[in-house]
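Colleague:
Numbering (this note's numbering), first residue to last: 80 to 264.
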């Protein structure tokens, strides 16, 4: 830099730039190389070199277009979840919209939630009115078997006719008294 009186490397690194010998080609015609002219040529060659712009590091979050018009939203849970837990909570009613966040009614109190955690909830309008049949279908009562109450004598006969169960190895199995009214076939 002419106005400061030093080179760019002196400003950046605090010292002059030292180049290895492999970068410099010796002139075959002239063995006498003027150091001042070499430094001037090198300075003029490096001056137009501009630094490369760095890459943007921001990641833009996807925001649904329908989020602007939705009355209810789902809120993404960013906390660590157990397997089969829902990713989104809600739906919650939108109370107020700002540029970067929405105010929602979450369980009776207002909460500000960033819009990158929100997803529009598509709720049904009115539920459909279903007309049910006014008369139930007719059953043929002659084909329907009616259960009959068992008398005490029939129950006693059934209990006495039950033989003790035996396993495949031949061991007899006896059930407790309070389970005697249940039958195993």
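Don't be surprised by glycine CBs; every beta carbon is placed ideally from N, CA and C.
Small disclaimer: the values here were computed from a predicted structure and weren't measured.
#1: Thinking just about the alpha-carbon of each residue, which of 127, 116, 183, 122 is nearest to the one in residue 96?
#2: Which same chain residues, not among the five before or five after residue 182, have their C-beta less than 6 Å away from its C-beta?
#3: Would a C-beta distance cut-off of 7 Å place residue 146 and residue 197 closer than the cut-off?
#4: So residue 172 packs on residue 164, CB below 8 Å; how close in whole Å?
#5: For residue 116, count the other beta carbons within 10 Å of its own beta carbon; 16 or more makes it buried, fewer makes it exposed. Which is it?
#6: Output the boundary residues of the alpha helix (DSSP H) element that contains residue 47.
#7: Looking at the secondary structure, which residues open and close the beta strand (DSSP E) in which residue 168 lies?
#8: Enumerate in chain order the residues of its own chain whose CB-to-CB distance from residue 199 is below 7 Å, with the five nearest sequence positions on each side excluded.
Modeller: To lay it out plainly:
#1: 122
#2: 174, 175, 189, 191
#3: yes
#4: Actually they do not touch by this definition, with Cβ atoms about 23 Å apart.
#5: exposed
#6: Only positions 80 to 264 of the chain appear in the structure, and residue 47 is not among them; the question remains open.
#7: 167-176
#8: 143, 145, 146, 149, 152
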